[in-house]
Amino acid sequence: MINTVFYSWQSDLPNNTNRGFLESCLKKAISNLKEVGDFSIELAIDRDTKDEPGMPDIIDTVFKKINRAKIFIADISIINSGSSDRKTPNPNVLIELGYAAKSIGWDKVICIYNKDYGSIEDLPFDIRQRRPIIYSLKEGNKDDAKEYISKSIASTIKSLNANGSLFDIINDFHKVQVDTEILTIINHLRKIIFGYNQELSFELISEFLNIEDIAIVEVLTANRFIGFQVFKRWEVNEKKLQDIVNKVISYHSHGKETATIIIQLMQWTVAFDSFNQLRKNPDLFLQIENSPSHFYAVEGKAFNERNSEFPDRFILLKRLNNEKSQVSDFGDFIETQKIEGLIFSYKLNPKYIENYCKHIRAFISITEKWLDHTNGEFIIDNAKMFEIK
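Quick note, the sequence shown lines up with residues 679 to 1067 if you use this note's numbering.
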């Protein structure tokens, strides 16, 4: 997992004394940390709209990147030392600094100040009391200054990591739980889109999350499904997300946005579950064939009679030969009519294709919002992913 250090720079001062010079110091600090035996965190430098395609909304992009950063570093050097007006650092840097202080906390903020362009007393009081790293290239050797700055940055990061401040264990724990639910839902939906012939992989997850609406419509129009693919209930996922929401709300450090996105996921499971129910849309899927000979479904109780956590669980098995079968899918089913048709073949009623596509798109959009909010990647709990109980 790559953890970002967001670098808030300014171009008002010479590149070789500030922006470029400080970035080289930061790279050296990260390089030095990699050489420390007990420090195993991978860090990368991020800034403004770096690596963002097209023409992104700059403010929104920067704020999202700050939200995801583990460390925020700001060049707060005075940019108007020759002016008779009030001395100030770069205004954009100050905006980003204020946002970072609120978003990730002052303890994860490192300010750097070049005193060649102004006295430390020129800084606003609330910033100078944060004990910035102060350097001068006029009073000493540039290499010495670089060594001092890089060591100061590395020391701060090591201290944060050592005392547990660099990572929020509770936040990370809840992220793993949400990621597991999202990946479980993706695992079910991708079987509708891609069928049972492809194994779940990061490449397939990426393909699913990047699929266009026109491709979804084409699949839903052309494909034939067995009941097991499309008759699943989503109450188990809803309940798990509800439990996570309750914990997140009680843990105040998460913030409103985290809880909001999880609630949106939970609401999606409720809406999609309702859309699929017979009482809501009894003709959603139209039966076209009898059962395919190579699939059969069994109750989960056949594998574990004591399992009370998933009383409505069924397992889909694919016959390999007369003696062996392999698990192809699992899911929860309640409606008797659907249970009786788990291995029959169906097609999606054309009048529902557009709405079905909208439900899938809504889930993908919420997932993208979650990834934007949580460092752009999934954290997988390998011990529990897709466990069949």
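By construction, the Cβ of each residue, glycine as well, lies at the ideal position given by its N, Cα and C atoms.
Closest Cα partner of residue i within the set the options
i     : options                     : result
F1022 : Q876, P802, E967 and N819   : E967
E885  : N849, I871, I1012 and Y1024 : I871
N1033 : I941, L775 and F953         : F953
R808  : I894, F1011, K786 and G842  : K786
K765  : I773, H972 and I798         : I798
I811  : C789, K829, P802 and Y795   : C789
K1025 : L962, G1009 and I1058       : L962
G776  : I1058, E817 and D804        : D804
V1084 : I864, E774 and M944         : Only positions 679 to 1067 of the chain appear in this structure, which leaves residue 1084 out of reach.
T936  : K836, N710, N849 and I736   : N849
P769  : P802, D738, K742 and S928   : P802
H1037 : P960, R806, G698 and L943   : L943
L1020 : F992, K1002 and S709        : F992
S709  : K836, E1001, K816 and P692  : K836
Exposure label - residue i; buried when at least 16 CB within 10 Å
i     : result
A779  : buried
E896  : exposed
K958  : exposed
Q907  : buried
G760  : exposed
S755  : buried
F1041 : buried
A752  : buried
R984  : exposed
F909  : buried
K712  : exposed
P1028 : exposed
K917  : exposed
A767  : The identity of residue 767 in the sequence shown is Pro, whereas the question assumes Ala. Under this definition P767 is a buried residue.
G796  : buried
K1002 : exposed
Residue i and residue j closer than 8 Å at C-beta
i     : j     : result
A707  : A840  : no
I757  : D800  : no
I922  : Q876  : no
L898  : I1031 : yes
V771  : S702  : no
T682  : R746  : yes
Q688  : N694  : no
I1044 : D857  : no
I864  : I883  : yes
K793  : S814  : yes
F1008 : L995  : no
H852  : K748  : no
F750  : F845  : no
Inter-residue spacing [alpha-carbon to alpha-carbon] between residue i and residue j
i     : j     : result
Q1015 : K934  : 41 Å
F1011 : G1054 : 33 Å
E881  : N819  : 50 Å
D891  : C1035 : 7 Å
Q965  : E1018 : 12 Å
A980  : L956  : 27 Å
S718  : S843  : Legend: pLDDT at S718 = 45, less than 50; position of this residue unreliable, no value from coordinates given.
N999  : H972  : 9 Å
A975  : Q1004 : 11 Å
I782  : L861  : 27 Å
Q920  : D821  : 55 Å
Y874  : S1006 : 7 Å
I737  : K743  : 10 Å
E859  : W784  : 32 Å
L887  : A893  : 12 Å
S762  : T1052 : 44 Å
S928  : I847  : 15 Å
Any non-hydrogen atom of the ligand MG closer than 7 Å to residue i Cβ
i    : result
L919 : Only the bare structure without any ligand can be found here, which leaves the ligand MG out of the picture.
(Q) Under 8 Å, with one C-beta from each stretch per pair, do the segment 901 to 909 and the segment 813 to 827 reach the 3-pair mark? (A) no
Q. Do the segment 912 to 931 and the segment 946 to 955 make contact, defined as three or more Cβ pairs closer than 8 Å?
A. yes
Q) How about the segment 987 to 996 and the segment 1041 to 1055: do they share at least three Cβ pairs that are nearer than 8 Å? A) no
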